[in-house]
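>
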Amino acid sequence: MTVDLSDPIFYQESDPGPVWARLRAEQPVHRNVRANGEYFWAVMNHRLCTEMLTDPAVYSSENGMRLDSDPRVLAAAAGRMLNVTDPPRHDKMRKVISAAFTRRMVDRLEATMRRTAAAAIDEAIEEGECEFTTVAQKLPVSVICDMMGVPQEDWGFMVERTRFAWSSTALDKAEEARKVQAHTEILIYFQELAERRRADPQDDLMSALVHGEIDGARLSEQEVFYNCDALISGGNETTRHATVGGLLAFVDNPGQWRTLRDEPVLMESAIQEVVRYTTPVMHALRTATTDVELGGERISAGDHVVAWLPSANRDAEVFADPDRFLIDRSPNRHLGFIQGNHYCIGSALAKLELTVMFDELQRRVEVAELTGPVRRLRSNLLWGFDSLPVRLLPRKHGTGARATTSAASAMRCPVDHTPATTARRLHRAELSPQARRTVEDYEGRYRTSFDHLLHFDPQVLRTLHGSAQGSGDLPSSVRVASATNPEAAERMAVVTAVANLPQQQDADRERYLQALLDIYGLLPVQVATAAAVPGTTVLAPEREGRILADLLGVTPHPDRWAPQVKRMPVDGGLLVGVDALPSAGADRLVVVDGVVASGVTLMATLQLVANPGATVDVFTCHATAEGARALTRYAEHLGLSLTLHVGHVSGMLNEKFYSVEPDAPATLVLGDIGDTISPVAATTGARPAAPDPASEPA
Numbered sequence: 154m155t156v157d158l159s160d161p162i163f164y165q166e167s168d169p170g171p172v173w174a175r176l177r178a179e180q181p182v183h184r185n186v187r188a189n190g191e192y193f194w195a196v197m198n199h200r201l202c203t204e205m206l207t208d209p210a211v212y213s214s215e216n217g218m219r220l221d222s223d224p225r226v227l228a229a230a231a232g233r234m235l236n237v238t239d240p241p242r243h244d245k246m247r248k249v250i251s252a253a254f255t256r257r258m259v260d261r262l263e264a265t266m267r268r269t270a271a272a273a274i275d276e277a278i279e280e281g282e283c284e285f286t287t288v289a290q291k292l293p294v295s296v297i298c299d300m301m302g303v304p305q306e307d308w309g310f311m312v313e314r315t316r317f318a319w320s321s322t323a324l325d326k327a328e329e330a331r332k333v334q335a336h337t338e339i340l341i342y343f344q345e346l347a348e349r350r351r352a353d354p355q356d357d358l359m360s361a362l363v364h365g366e367i368d369g370a371r372l373s374e375q376e377v378f379y380n381c382d383a384l385i386s387g388g389n390e391t392t393r394h395a396t397v398g399g400l401l402a403f404v405d406n407p408g409q410w411r412t413l414r415d416e417p418v419l420m421e422s423a424i425q426e427v428v429r430y431t432t433p434v435m436h437a438l439r440t441a442t443t444d445v446e447l448g449g450e451r452i453s454a455g456d457h458v459v460a461w462l463p464s465a466n467r468d469a470e471v472f473a474d475p476d477r478f479l480i481d482r483s484p485n486r487h488l489g490f491i492q493g494n495h496y497c498i499g500s501a502l503a504k505l506e507l508t509v510m511f512d513e514l515q516r517r518v519e520v521a522e523l524t525g526p527v528r529r530l531r532s533n534l535l536w537g538f539d540s541l542p543v544r545l546l547p548r549k550h551g552t553g554a555r556a557t558t559s560a561a562s563a564m565r566c567p568v569d570h571t572p573a574t575t576a577r578r579l580h581r582a583e584l585s586p587q588a589r590r591t592v593e594d595y596e597g598r599y600r601t602s603f604d605h606l607l608h609f610d611p612q613v614l615r616t617l618h619g620s621a622q623g624s625g626d627l628p629s630s631v632r633v634a635s636a637t638n639p640e641a642a643e644r645m646a647v648v649t650a651v652a653n654l655p656q657q658q659d660a661d662r663e664r665y666l667q668a669l670l671d672i673y674g675l676l677p678v679q680v681a682t683a684a685a686v687p688g689t690t691v692l693a694p695e696r697e698g699r700i701l702a703d704l705l706g707v708t709p710h711p712d713r714w715a716p717q718v719k720r721m722p723v724d725g726g727l728l729v730g731v732d733a734l735p736s737a738g739a740d741r742l743v744v745v746d747g748v749v750a751s752g753v754t755l756m757a758t759l760q761l762v763a764n765p766g767a768t769v770d771v772f773t774c775h776a777t778a779e780g781a782r783a784l785t786r787y788a789e790h791l792g793l794s795l796t797l798h799v800g801h802v803s804g805m806l807n808e809k810f811y812s813v814e815p816d817a818p819a820t821l822v823l824g825d826i827g828d829t830i831s832p833v834a835a836t837t838g839a840r841p842a843a844p845d846p847a848s849e850p851a
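Each residue of the sequence shown is one higher than the one before, starting from 154 at the first, in our numbering.
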């Protein structure tokens with residue numbers, strides 16, 4: 154095949170889909186020779202892209218993350234800008250930036266999003282015809298400006314400069330000079346803003362950068378400016394092109410637009426599908442640090458290896474009907490936000506922006522019509538648009554015709570009978586009398602105090618488990634030892650047999666524990682290896698997890714963190730209580746556990762502990778398929794890069810798991826004993842009391 158995947162004109166003038174499909178089938182790792190004789194390895198399918206993106210030791214980012222980088226700029230930025238920095242410094246720098254996303258900032262950003270999106274759409278409707286690339290730019294620029302601390306009177310300046318600085322690839326030196334000038338003006342502006350924030354810090358990202366420290370030293374001026382540049386380009390261009398491409402997808406698929414109007418609960422999955430289908434970032438470059446084989450090709454140290462993300466997101470091995478735009482697609486393990494330690498730090502914010510934009514479009518627009526030709530961007534980095542001329546026809550019944558939710562609330566708590574996609578954090582004062590009594594009862598039984606409470610709506614859990622139950626094979630992020638080693642299933646049978654004994658003797662407990670340790674030894678990745686990565690927080694929930702972590706030598710000392718995490722059934726849902734959290738959120742998290750049945754306690758723990766974009770490795774002996782899929786899906790909602798390492802997957806949740814009848818002693822209630830390990834036998838009689846922690850089996 155003679156097509157040069159790095160030719161920006163190819164993406165402006167051609168449909169790359171057939172080329173990508175042929176390469177996925179015939180050369181998933183393709184040696185692409187460029188016009189100047191240089192070459193790189195293009196990785197085209199989902200499995201191999203995931204493999205290289207999640208192995209920073211072999212595939213480094215410090216020699217650039219994109220094709221055609223200026224080598225002088227790259228040499229200066231390497232190790233100083235987040236996306237061209239490798240661990241462990243990368244993880245420390247990421248933590249500085251993540252710390253800026255305070256609750257107060259997110260609330261302010263949400264208010265900005267809603268006002269900006271509504272005003273931009275109303276103006277476009279009044280115009281009759283509009284250039285939607287301009288409409289779509291207003292929201293991400295306003296958000297990134299607000300987040301960085303740019304005063305509102307300067308937002309117009311940033312809109313103009315960023316649109317030109319990151320537009321199509323320049324065709325001549327004069328156009329390139331104009332782009333460089335726009336870029337320079339942006340950096341000069343941020344230099345002046347940085348000086349103001351050093352003297353007068355505010356609740357914004359610029360203040361976090363200029364006052365941030367790594368290993369006791371402030372970020373250098375270069376580190377501040379390089380990361381400003383990366384954040385404004387990443388936060389602006391990618392969301393803009395996803396918005397434009399998403400609207401075009403709805404124009405081409407009007408039935409999906411009507412379905413979203415009829416079923417607004419599908420908004421979250423629709424946004425995930427917009428990101429997959431549009432995949433604005435076309436490629437992610439890494440450099441091999443050693444000779445390595447990938448997809449049957451021998452790659453030499455120093456070679457550039459490039460993940461072609463939109464191709465991976467159309468891999469039929471992962472996505473059914475990959476070329477169709479389906480807003481109810483589940484699961485949706487797209488690579489639109491990359492994978493691994495460079496998982497997009499602004500992914501949660503980007504999804505929030507897209508949710509607001511399409512929610513406001515749904516409220517205000519009956520239908521969108523093309524009024525001219527669509528023109529693609531001339532770029533090999535951004536798979537985006539130079540022009541999308543449309544007419545937005547207003548809703549016939551006004552903006553009040555459809556119940557809506559705030560975007561942040563749509564991800565956190567029930568509003569207007571539409572359940573959240575994640576649990577809602579509660580203060581004890583918000584609990585009903587019945588729920589308060591339940592919490593106090595559990596605290597007495599387990600001799601603790603739950604400082605942190607999360608409420609799960611039953612419909613959220615039904616969606617997580619129910620959609621997972623019918624979704625076919627396990628996600629690629631679930632790695633099962635018994636799939637290649639039958640001994641793991643045999644050892645799990647021992648665990649199940651002992652767990653189901655009416656009474657356990659010391660010998661039974663020893664046999665149980667040894668079987669668990671044997672299973673851990675059979676996992677494809679060893680927990681000690683994952684825990685040894687600098688900056689990793691190790692979580693060992695409950696007594697069983699603590700014992701396993703101690704025996705495996707991975708529980709950190711002296712700051713061991715092994716909280717009690719308990720499910721508590723209440724009227725209208727399920728509470729999860731956690732009695733202790735680490736002093737700071739985790740960017741890398743290793744979880745040592747025995748069983749993932751429903752996955753609910755781990756979902757709650759990840760929500761409370763992991764920073765947005767964190768890398769999470771969960772190690773467990775057994776999981777139900779429902780629990781495994783639900784946990785990975787929940788991690789997607791939280792913007793986490795999660796891998797579940799499990800010995801054996803079998804069984805299912807008890808059918809009565811979702812019953813909520815606290816006054817019926819013969820009925821299992823939500824989160825009580827209904828999510829036991831497989832096989833699950835029908836249980837009758839009175840509900841057993843919670844065990845004394847001192848007598849729990851190992």
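We put the beta carbon where it would ideally sit given N, CA and C, even for glycine.
Please read these numbers as outputs of a predicted model, since none were measured by experiment.
Only counting the same chain, and skipping five residues up and downstream in sequence, which positions put a Cβ closer than 8 Å to that of D444?
On the sequence shown, position 291 is the one that residue 444 refers to. Counting only Cβ-Cβ distances below 8 Å, and skipping sequence neighbours, we find R451, I452, S453, A454.
> Does the pairing of the region 165-184 with the region 464-483 give three or more beta-carbon distances under 8 Å?
yes
> Quick check on this structure: which residue in R600, H199, G537, C298 has the alpha carbon closest to the alpha carbon of R528?
Working through the sequence shown from its first residue, we reach residue 528 at position 375. Checked all of R600, H199, G537, C298; the closest Cα to R528 is G537.
> Measure the alpha-carbon distance for G766 versus D659 and round it to whole angstroms.
Here the question's residue 766 lines up with position 613 in the sequence shown. Here the question's residue 659 lines up with position 506 in the sequence shown. Approximately 43 Å between the Cα atoms of the pair.
> Check V459 in the structure and name its three-state DSSP category.
Locating residue 459 in the sequence shown gives position 306, counting from the first residue. Correct three-state label for V459: strand.
> If you follow the beta strand (DSSP E) that E593 is in, where does it begin and where does it stop?
The residue given as residue 593 occupies position 440 in the sequence shown. Per DSSP, E593 belongs to no beta strand (DSSP E); it is in the alpha helix (DSSP H), 586-599.
> Going by C-alpha distance, which of G387, S500, M197 is nearest Q290?
To locate residue 290, count along the sequence shown from 1; it is residue 137. With distances taken between Cα atoms, Q290 lies closest to G387.
> How should V731 be labelled, buried or exposed, when 16 other C-beta atoms within 10 angstroms of its C-beta is the threshold for buried?
On the sequence shown, position 578 is the one that residue 731 refers to. V731 comes out buried.
> Based on the DSSP secondary-structure assignment, which residues constitute the bridge partners of H801?
Reading the sequence shown from its first residue, position 648 is the one you call residue 801. For H801, which the question treats as bridged, DSSP gives the partners H775.
> What runs of the alpha helix (DSSP H), each 4 residues or longer, lie entirely inside the region 154-223?
Secondary structure within the region 154-223: the alpha helix (DSSP H) runs of 4 or more consecutive residues, fully enclosed, are 161-166, 170-179, 199-206 (chain order).
> Hey, out of V723, E697, T591, L797, whose CA is closest to V631's CA?
Here the question's residue 631 lines up with position 478 in the sequence shown. Measuring from the Cα of V631, the nearest candidate turns out to be L797.
> Pop quiz: G792 and S500 are said to be a contact at Cβ under 8 Å. What is the actual Cβ separation, rounded to whole angstroms?
Numbered from 1 along the sequence shown, position 639 holds the residue referred to as residue 792. Numbered from 1 along the sequence shown, position 347 holds the residue referred to as residue 500. Right, their Cβ atoms sit about 4 Å apart.
> If we ignore side chains and look at the alpha-carbon of each, how far apart do L479 and A330 end up?
If you number the sequence shown from 1, residue 479 lands on position 326. If you number the sequence shown from 1, residue 330 lands on position 177. Cα to Cα, the separation comes out at about 42 Å.
> With distances taken Cα to Cα, identify the nearest neighbour of N293 among A270, K326, E279.
Numbered from its first residue, the sequence shown carries residue 293 at position 140. It should be pointed out that residue 293 corresponds to Pro in this sequence rather than to Asn. Here the closest residue by C-alpha is A270.
> Exposed or buried, G827, counting other C-beta atoms within 10 Å across all chains shown (16 or more means buried)?
Counting from one through the sequence shown, the residue named residue 827 turns up at place 674. Low confidence applies here, because G827 scores a pLDDT of 33, under 50, leaving its location unreliable and the question unanswered by this model.
> Helix or strand or just coil, what does DSSP make of C497?
Within the sequence shown, numbered from 1, the residue matching residue 497 stands at position 344. Correct three-state label for C497: coil.
> Would you list, in sequence order, the uninterrupted alpha helix (DSSP H) runs of no fewer than 4 residues that lie entirely inside the region 500-547?
Listed in chain order, they are 500-517.
> DSSP puts F609 in a beta bridge; with which residues?
For the purposes of this step, residue 609 is taken as the residue at position 456 of the sequence shown. Answer by DSSP bridge pairing, in chain order: L727.
> For the beta strand (DSSP E) that E446 lies in, which residues bound it at each end?
As a first step, residue 446 is located in the sequence shown; it is residue number 293 there, counting from the start. Residues 445-447.
> Hey, quick one: how far does the alpha helix (DSSP H) through E450 stretch, first residue to last?
Residue mapping note: residue 450 aligns to position 297 of the sequence shown, counting from 1. Looking at the DSSP string, E450 is not in any alpha helix (DSSP H); the run it does join, the beta strand (DSSP E), is 450-452.
> Grab me the residues of R482's own chain with a C-beta within less than 6 Å of its C-beta, minus the 5 sequence neighbours each way, in chain order.
For the purposes of this step, residue 482 is taken as residue 329 along the sequence shown, with counting starting at 1. Contacts found: E426.
> Would V729 and L607 qualify as a contact pair, given that the criterion is a beta-carbon distance under 7 Å?
On the sequence shown, position 576 is the one that residue 729 refers to. On the sequence shown, position 454 is the one that residue 607 refers to. Their beta carbons are under 7 Å apart, which means V729 touches L607 by this criterion.
> Would you kindly report the start and end of the unbroken alpha helix (DSSP H) that includes V333?
Residue 333 sits at position 180 when you count from the first residue of the sequence shown. Segment 326-352, the alpha helix (DSSP H) holding V333.
> Does the region 295-308 come into contact with the region 352-359, if we say contact requires no fewer than three beta-carbon pairs (one atom in each stretch) closer than 8 Å?
yes
> Are the region 222-242 and the region 658-672 touching, with three or more C-beta to C-beta distances below 8 Å?
no
> Using a Cβ-Cβ distance cut-off of 7 Å, determine whether P433 contacts chain D.
In the structure shown, chain D cannot be found, because there is only a single protein chain.
> To the nearest angstrom, how far is it from the Cα of D168 to the Cα of S159?
In the sequence shown, counting from the first residue as 1, residue 168 sits at position 15. In the sequence shown, counting from the first residue as 1, residue 159 sits at position 6. Taking the straight line from one Cα to the other gives about 14 Å.
> Grab me the residues of R644's own chain with a C-beta within less than 6 Å of its C-beta, minus the 5 sequence neighbours each way, in chain order.
The residue labelled residue 644 in the question sits at position 491 within the sequence shown. Closer than 6 Å at the Cβ level, and outside the excluded window around R644, lie A668, D671, I672.
> For I480, which of helix, strand or coil comes out of DSSP?
The count along the sequence shown starts at 1 and reaches residue 480 at position 327. I480 falls in the coil class under three-state DSSP.
> Can you say whether K549 is buried or exposed, counting buried as having 16 or more other CB atoms within 10 angstroms of its CB?
Stepping through the sequence shown from its first residue, residue 549 is reached at position 396. In this structure K549 is exposed. Its beta-carbon is surrounded by fewer than 16 other beta-carbon atoms within 10 angstroms.
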